[in-house]
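Numbering (full-length UniProt numbering), first residue to last: 1 to 167. C-beta atoms are modelled at their ideal positions from N, C-alpha and C, and glycine is treated no differently. Let me begin by presenting the structure, written as structure tokens, before commenting on it.
Here's what the structure looks like:
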């Protein structure tokens, strides 16, 4: 706002309140391998606001122990993956628990229904299935060399002889 005082113009800068915001840390989409661990913290500008986490199937996470669980730190709600599984892939969402937010003296507090998500990408390292590391063949006879691999994303196998692709 501005006002004129004599010949002098006085300017006052008014700062709008930041408003209600939800924050994830870390925010970025991250790829993890099976069995790795990860923590994601969700916080709200108003520490009185209750939060909750939802898994990719939209189920609220309420467990406080286990492979995937939450920890309430007072000013934030932490989602903890002790051992990431392939089934954890997808969008995980932190949201304001509108029904659970209240104060002891004032009753229910009106808060906007905010939500913020991150995408969990899960990789499974390459492993060889039913494949011996040493395979033998008889010279001048047909032979089958087995190479079965699994992983996620699904790996592809290429065959080379003397540095040249066979197929």
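Close-in-space but distant-in-sequence residues of the same chain around residue i (CB under 7 angstroms, 5 per side omitted)
i: residue 126; result: 149, 151, 155
i: residue 137; result: 143
i: residue 161; result: none
i: residue 117; result: 91, 92, 93
Residue i (DSSP reduced to helix, strand or coil)
i: residue 146; result: coil
i: residue 2; result: Model confidence at residue 2 stands at a pLDDT of 37, short of 50, so the residue's coordinates are unreliable; what they give is reported in the following sentence. Residue 2 falls in the strand class under three-state DSSP.
i: residue 131; result: coil
i: residue 87; result: helix
i: residue 151; result: strand
i: residue 116; result: strand
i: residue 126; result: strand
i: residue 138; result: coil
Counterpart residues of residue i in DSSP-defined beta bridges
i: residue 68; result: 81
i: residue 31; result: 121
i: residue 249; result: An answer regarding residue 249 cannot be provided, because it is not within the stretch 1 to 167 covered by the chain.
i: residue 40; result: 79
i: residue 53; result: 94
i: residue 25; result: 41
i: residue 60; result: 54
8 angstroms Cβ shell around residue i - same chain, five flanking residues per side excluded
i: residue 157; result: 147, 149
i: residue 132; result: 146
i: residue 71; result: 64, 77, 78, 80
Nonlocal neighbours in the same chain, by C-beta distance under 6 angstroms from residue i, ignoring five residues either side
i: residue 54; result: 60, 93
i: residue 63; result: 69
i: residue 27; result: none
i: residue 128; result: 149
Residue j beta carbon less than 9 angstroms from that of residue i
i: residue 45; j: residue 20; result: yes
i: residue 34; j: residue 67; result: no
i: residue 37; j: residue 25; result: no
i: residue 52; j: residue 88; result: no
i: residue 90; j: residue 47; result: no
i: residue 123; j: residue 153; result: yes
i: residue 80; j: residue 32; result: no
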